[in-house]
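Some notes on the structure that comes next.
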Amino acid sequence: MNDSATNETQAGTDAAGDEKVKLLSRGVKVFYGDKQALFDVDLDINENEVTALIGPSGCGKSTYLRSLNRMNDTIDICRVEGDIILDGDNIYDKAVDVVHLRARVGMVFQKPNPFPKSIYDNVAYGPRIHGIATGKEELDGIVQTALEKAGLWTEVKDRLDAPGTGLSGGQQQRLCIARAVAVSPEVILMDEPCSALDPIATAKIEELIDELRENFTIVIVTHSMQQAARVSQKTAFFHLGYLVEVDETEKMFTNPSDERTQGYITGRFG
Amino acid sequence: MNEHIVKSFDEDLKKLDNIIAEMGGMAEVQLADAIEALIKRDTDLADQVITSDKKIDILEHEMDGQATATLALRQPLADDLRVTITALRTASLIERIGDYAKNIAKRSVVLAQSPPLGPTKSIGRMAALVQGMIKDVLDAYMTRDVEKAAAVRARDADADLLHTSLFREILTYMMEDPRTITSCTHLLFVAKNLERIGDHATNVAENVHYLVTGDLPADEREKSDASSFTLVETE
Chain A
1 MNDSATNETQ
11 AGTDAAGDEK
21 VKLLSRGVKV
31 FYGDKQALFD
41 VDLDINENEV
51 TALIGPSGCG
61 KSTYLRSLNR
71 MNDTIDICRV
81 EGDIILDGDN
91 IYDKAVDVVH
101 LRARVGMVFQ
111 KPNPFPKSIY
121 DNVAYGPRIH
131 GIATGKEELD
141 GIVQTALEKA
151 GLWTEVKDRL
161 DAPGTGLSGG
171 QQQRLCIARA
181 VAVSPEVILM
191 DEPCSALDPI
201 ATAKIEELID
211 ELRENFTIVI
221 VTHSMQQAAR
231 VSQKTAFFHL
241 GYLVEVDETE
251 KMFTNPSDER
261 TQGYITGRFG
Chain B
1 MNEHIVKSFD
11 EDLKKLDNII
21 AEMGGMAEVQ
31 LADAIEALIK
41 RDTDLADQVI
51 TSDKKIDILE
61 HEMDGQATAT
71 LALRQPLADD
81 LRVTITALRT
91 ASLIERIGDY
101 AKNIAKRSVV
111 LAQSPPLGPT
121 KSIGRMAALV
131 QGMIKDVLDA
141 YMTRDVEKAA
151 AVRARDADAD
161 LLHTSLFREI
171 LTYMMEDPRT
181 ITSCTHLLFV
191 AKNLERIGDH
201 ATNVAENVHY
211 LVTGDLPADE
221 REKSDASSFT
231 LVETE
């Protein structure tokens with residue numbers, strides 16, 4: 001009786017949309033040399049939600065994603081203006097340790113890119129360099145938990161010493177997710193994580209994204225409208241470097257406000 | 001709105017509209033013929049209506065197949081999704097309108113075997129109103145005209161009022177001459193069928209609103225059918 005009452009209260013809180021902004025962007029501009037790739041992006045990314053970024057190639061969505069953990073810093077000619085605030089801290093502040101930032105904001109790429117190391121070492125890599133584990137036993141625990149969270153543990157637990165590159169494409173991508181999860185990030189950025197995967201492997205990743213949402217905030221770039229519709233709660237549409245529209249995913253895919261969004265998601269773009 | 005990059009997608013969506021246009025046209029003819037059969041006591045025409053109803057059913061099946069295929073193969077979104085969903089819903093509403101027309105035709109065969117009744121004239125009036133609603137709502141559907149759809153929706157109140165007054169009129173006839181009870185009962189059902197057809201035309205109008213705007217009409221529709229509460233006292 002008491003249990004069900006508590007559950008109801010929790011469900012009620014969820015339904016009421018008790019949202020907390022995890023990552024806040026204000027007036028974000030990105031330049032590659034003289035060329036401006038992103039114009040004045042204002043976007044709130046809620047905690048424990050999946051936000052999908054959609055738009056045609058070259059619209060700036062990946063550029064925006066990469067600015068969220070300062071991956072753009074690795075490109076010499078790239079310059080970022082505006083504010084990106086993670087839990088109240090401006091991530092472009094001079095005092096910010098970029099390595100630490102990328103532990104808080106992890107990333108999964110389009111093509112699975114496991115290190116040429118064992119499955120175990122792939123996952124243990126992050127915790128080792130960040131000095132998260134104090135001993136072998138703790139590290140074993142972290143690796144197991146990360147692989148479990150990535151839905152890969154039962155498939156690989158008997159061959160943790162096998163090379164990560166020997167896994168199937170879908171397993172490799174889940175290994176990369178385990179690697180990202182192992183350092184306990186707060187936000188996970190995913191850049192078309194399923195574009196190189198078959199429908200079954202894709203479904204597993206999508207199911208995983210839905211589970212990960214409980215503990216992480218997820219931002220995903222995808223070219224598949226159906227995938228954005230399936231996995232995200234919010235969808236943001238980028239076009240020609242501008243954030244055109246952001247709304248509840250259901251609204252975006254049944255009745256978007258902007259004609260450009262409508263044109264893009266229905267396949268009418270010129 | 002621009003055409004789709006994949007042109008055959010436009011053709012698929014056009015097909016959905018074409019099926020609605022064909023079904024709607026048939027339902028209009030079916031209802032007109034059923035009412036004519038009733039008023040002119042033409043049982044041959046009534047039989048024709050009864051057999052022709054199958055054609056609407058066949059088209060509804062065609063819509064089921066076409067819309068399902070569009071959903072599965074095109075995975076439509078936004079207005080394309082609404083076009084597909086609305087076509088599916090509208091087809092089933094039109095199919096129901098066809099069923100009511102068929103039922104009126106069936107009852108007209110029975111009514112033709114008894115002496116003509118006075119309220120039949122009022123039935124003609126109500127039918128004319130409802131037929132106008134169907135015609136206009138189908139036009140609104142094809143031209144995506146929200147205003148016109150709203151006007152149809154507003155006219156349903158008139159259909160309800162006519163139904164209530166017909167209900168009273170027919171009950172009075174029955175009380176005055178119990179020998180007319182059988183025919184009058186059939187006539188009551190005819191009136192009820194017309195009232196339901198008006199409701200379905202209204203539902204189509206609401207679908208048109210959803211199709212164009214993505215929302216249902218905001219205001220509650222006025223309910224004017226008081227026949228469920230009508231009591232005609234005996235002297």
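These protein sequence lines map, in sequence, to chains A and B. Take 1 as the starting number for the first sequence in the numbering used here and just add one per residue. Take 1 as the starting number for the second sequence in the numbering used here and just add one per residue. Glycine is no exception: its CB is placed at the ideal position from the N, C-alpha and C atoms.
- Ranking Leu65(A), His239(A) and Glu81(A) by CA distance to the CA of Glu192(A) puts Leu65(A) first.
- Per DSSP, the beta-bridge partners of Phe237(A) are Ile54(A) and Glu245(A).
- Counting along the chain, the unbroken alpha helix (DSSP H) around Cys184(B) starts and ends at Ile181 to Thr213.
- The Cβ of Gly58(A) sits no closer than 7 Å to any Cβ of chain B.
- One finds nothing in chain A with a Cβ atom closer than 9 Å to the Cβ of Ala69(B); even the nearest lies about 17 Å away.
- Under the Cβ criterion of 7 Å, His200(B) is not counted among the residues facing chain A.
- The continuous alpha helix (DSSP H) containing Arg260(A) extends over residues Glu259 to Ile265.
- When C-alpha distances from His239(A) are compared across Lys20(A), Val50(A), Lys61(A) and Gln36(A), the shortest belongs to Lys61(A).
- Within the same chain, and ignoring the five residues on either side of Ile19(B) in sequence, the residues whose Cβ sits closer than 8 Å to its Cβ are Leu59, Glu62, Met63, Gln66, Ala87 and Ala91.
- If one requires a minimum length of 3 residues, the beta strand (DSSP E) runs lying completely within the stretch 168-245 of chain A are 187-191, 217-221 and 234-239, in chain order.
- For Ser118(A), the closest alpha carbon among the candidates Thr154(A), Asp89(A), Arg159(A) and Pro163(A) is that of Pro163(A).
- The three-state secondary structure of Asn103(B), taken from DSSP, is helix.
- Per DSSP, reduced to three states, the secondary structure at Leu231(B) is coil, with no helix or strand assignment.
- Interface flag for Arg66(A) against chain B is unset, since no Cβ pair is found closer than 7 Å.
- The Cβ-Cβ distance between Leu86(A) and Leu23(A) falls below 7 Å.
- Among the CB atoms of chain B, none fall inside 7 Å of the CB of Ile142(A).
- When secondary structure is reduced to three states using DSSP, Ser114(B) falls in the coil class, being assigned neither helix nor strand.
- CA-to-CA, the gap between Val212(B) and Tyr120(A) works out to about 55 Å.
- Neighbourhood of Asp80(B) in chain A, by CB distance below 7 Å: Thr266, in chain order.
- Its chain contains Asp33, Glu36 and Ala37 as the residues whose beta carbon lies nearer than 7 Å to that of Leu45(B), once the 5 sequence neighbours on both sides are disregarded; these appear in chain order.
- For the C-beta of Pro256(A), the chain B residues within less than 8 Å are, from N- to C-terminus, Ala78.
- Sorting Ile77(A), Lys94(A) and Val156(A) by C-alpha distance to the C-alpha of Asp34(A) places Ile77(A) at the top.
- Phe216(A) is classed as buried because its beta carbon has at least 16 other beta carbons within 10 Å across all chains shown.
- Of Glu176(B), Val6(B), Gln131(B) and Val190(B), the smallest CA-CA separation from Gly24(B) is found for Gln131(B).
- In this chain, the alpha helix (DSSP H) harbouring Ile170(B) covers Val146 to Glu176.
- In the structure shown, Glu137(A) falls within a helical segment according to DSSP collapsed to helix, strand and coil.
- For Leu43(A), the enclosing beta strand (DSSP E) has its first and last residue at Lys35 to Asn46.
- By the 16-neighbour rule on beta-carbons within 10 angstroms, Gly263(A) is buried.
- Taking 7 Å as the Cβ-Cβ cut-off, the stretch 232-263 of chain A approaches chain B at Phe253, Thr254, Asn255, Pro256, Gln262 and Gly263, given in chain order.
- In this chain, the alpha helix (DSSP H) harbouring Ser122(B) covers Thr120 to Thr143.
- Against chain B, the CB of Met107(A) has no partner CB under 7 Å away; the residue lies outside that interface.
- Taking 7 Å as the cut-off, the beta carbon of Arg128(A) is found no closer than this to the beta carbon of Gly82(A).
- Straight across, the Cα-Cα distance linking Asn122(A) with Gln172(A) is about 10 Å.
- Out of Ser52(B), Ile97(B) and Leu111(B), the CA that lies nearest to the CA of Arg179(B) is found in Leu111(B).
- For a Cβ distance threshold of 7 Å, residue set Gln226 of chain A lies close to Gln75(B), ordered along the chain.
- For Pro127(A), the secondary structure class from DSSP, reduced to helix, strand or coil, is helix.
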